[in-house]
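Novice:
Numbering (our numbering), first residue to last: 483 to 862.
1. Give every residue of the same chain whose Cβ lies closer than 7 Å to the Cβ of residue 632, excluding the five residues on either side of it in the sequence, and list them in chain order.
2. For the stretch 661–694, list the alpha helix (DSSP H) runs that are entirely contained and at least 4 residues long, ordered along the chain.
3. Since residue 489 is in the beta strand (DSSP E), which residue starts that stretch and which ends it?
4. Consult DSSP for residue 838 and reduce its assignment to one of helix, strand or coil.
5. For residue 818 and residue 683, I'd like the C-alpha separation in whole angstroms.
6. Mapping the DSSP letters down to three states, classify residue 567 as helix, strand or coil.
7. Within its chain, find whatever has a CB closer than 6 Å to the CB of residue 507; leave out the 5 residues flanking it on each side and keep chain order.
8. Comparing C-alpha positions only, which one of 728, 802, 491 and 504 sits nearest to residue 570?
9. Look at the Cβ atom of residue 734, then the Cβ atom of residue 699, and state whether they are nearer than 8 Å.
10. In whole angstroms, what is the alpha-carbon distance linking residue 794 and residue 621?
11. When we look at the beta-carbon of residue 803 and count the other beta-carbons within 10 Å, is it buried (16 or more) or exposed?
12. Please name the residue or residues paired with residue 610 in a DSSP beta bridge.
13. May I ask you to report which of helix, strand or coil DSSP gives residue 753?
14. So is the beta-carbon of residue 717 under 7 Å away from any non-hydrogen atom of the ligand PLP?
15. Which residues in the same chain as residue 806 place their Cβ atom closer than 8 Å to its Cβ, once the five residues preceding and following it in sequence are excluded?
16. Thinking C-alpha only, which one of 678, 761 and 695 is nearest residue 667?
17. Name the one or two DSSP bridge partners that residue 593 has.
18. When you compare the CB positions of residue 486 and residue 579, do they come within less than 8 Å of one another, or not?
19. Taking the beta strand (DSSP E) that residue 548 falls in, what are its first and last residues?
20. Per DSSP, residue 711 is paired with what?
21. Given 8 Å as the limit, is there contact between the stretch 717–726 and the stretch 736–755, that is, 3 or more CB pairs closer than that?
22. In whole angstroms, what separates the C-alpha of residue 596 from that of residue 568?
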């Protein structure tokens, strides 16, 4: 019989949390034959990621996955064989009580946030005794063999390589989005949080001797782009030219199309966790706008990733990469990204080759869904 999985998701970062848990639920069902229920407290972001979904239906099925609205009034339901609380979300107390009396006991996993910090390897897979008598195991995604790996569907990189090898596929995909870059223009994507220092990067792109075409999917950073343009009206489909920079607003796209968008670009600015991982599979230079945490804990995560990601780069290229990422994530008003961007451009061929090498290294490790399934089988 198929093992049953319940995955609980509290939407905090709008699309990151649901984006990751939906990918995971879908992969567990499609590639590992698991029977999966995905519990989500806010279905609106899910309906944007998966247009066939409804934001109003409390129970629905998509790609073999049962998606349930996790409302404030919990209705008794059968406990699954494996229970995953994504990103330390608190499970319904009634459900935990039912877990405690279930026989056999379920495997309880806390799927944690992605981090490159060295302590993660030592904590991955450790149990934590709970007041109800069960044990909850910490499961960490990560970048080493001592962690749970990264989300990666079977055949993802082969699909990317086929896309890259077919210029007509790229042209058709972009044309369907209304994107027609000039010959020789850099195509850039921007998916970020609110960003007080973004204007300095846009200035650098506008003052460049080479054409730049910036694609901005609908999102939180659009207000900063609008302000840089002098409060110009920016709606889906809008295109505004300033100097060497063309800014174009794209509609919010489903996950598979966002992958192709990343594959199409010279450079990708991404945010949070889900798009951060997808940009690594795109194997192109990128910058990560990390989610701000209390007491500057996010800086430790940023530096830990840079320490790991930068291995193998020449000292000069590594300094340029680190300088760009640090400047991008400076929260001080008026942080100047322009000089760091121009410095990175001087090392671009090396940064491109390094991004592809990093992608290959990560792809050599088991993916997150496979690691979770193997953990469950070992636990039995």
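Don't be surprised by glycine CBs; every beta carbon is placed ideally from N, CA and C.
Specialist: With the given structure in hand:
1. To locate residue 632, count along the chain shown from 1; it is residue 150. The residues are 623, 759, 844, 849 and 850.
2. Listed in chain order, they are 680–688.
3. Translated into positions along the chain shown, residue 489 becomes position 7. Note, residue 489: beta strand (DSSP E), 486–491.
4. Along the chain shown, read from residue 1 onward, the residue named residue 838 stands at position 356. Three-state DSSP puts residue 838 in a helix.
5. Residue numbering aside, residue 818 sits at position 336 when the chain shown is read from its first letter. Residue numbering aside, residue 683 sits at position 201 when the chain shown is read from its first letter. One Cα belongs to residue 818, the other to residue 683, and the distance between them is close to 7 Å.
6. As a first step, residue 567 must be located in the chain shown, where it is residue number 85. In this structure, residue 567 counts as strand in the three-state DSSP scheme.
7. Position 25 of the chain shown, counted from the start, is the residue given in the question as residue 507. 489, 518, 520 and 547.
8. Against the chain shown, residue 570 aligns to sequence position 88. Proximity to residue 570 across 728, 802, 491 and 504 peaks at 491, based on C-alpha coordinates.
9. To locate residue 734, count along the chain shown from 1; it is residue 252. To locate residue 699, count along the chain shown from 1; it is residue 217. Their beta carbons are under 8 Å apart, which means residue 734 touches residue 699 by this criterion.
10. In the chain shown, counting from the first residue as 1, residue 794 sits at position 312. In the chain shown, counting from the first residue as 1, residue 621 sits at position 139. Each residue's Cα considered, the two are about 28 Å apart.
11. Looking up residue 803 in the chain shown gives position 321. That one is buried.
12. One-based indexing of the chain shown puts residue 610 at position 128. Paired residues: 618.
13. Residue numbering aside, residue 753 sits at position 271 when the chain shown is read from its first letter. Three-state DSSP puts residue 753 in a strand.
14. This structure does not include the ligand PLP; it has no bound ligands of any sort.
15. Your numbering for residue 806 matches position 324 in the chain shown. Only 769, 819, 822, 823, 825 and 826 meet the Cβ criterion.
16. Position 185 of the chain shown, counted from the start, is the residue given in the question as residue 667. Nearest option by C-alpha distance: 695.
17. Within the chain shown, the letter at position 111 stands for residue 593. Paired residues: 568 and 621.
18. To locate residue 486, count along the chain shown from 1; it is residue 4. To locate residue 579, count along the chain shown from 1; it is residue 97. No. Outside cutoff.
19. For the purposes of this step, residue 548 is taken as residue 66 along the chain shown, with counting starting at 1. Here the beta strand (DSSP E) through residue 548 covers 547–551.
20. In the chain shown, the residue the question calls residue 711 occupies position 229. Checking the DSSP bridge columns, you'll see residue 711 has no partner listed.
21. With the cut-off at 8 Å, the stretch 717–726 and the stretch 736–755 do not touch.
22. Position 114 of the chain shown, counting from 1, holds the residue named residue 596. Position 86 of the chain shown, counting from 1, holds the residue named residue 568. Distance between the alpha carbons of residue 596 and residue 568 is about 11 Å.
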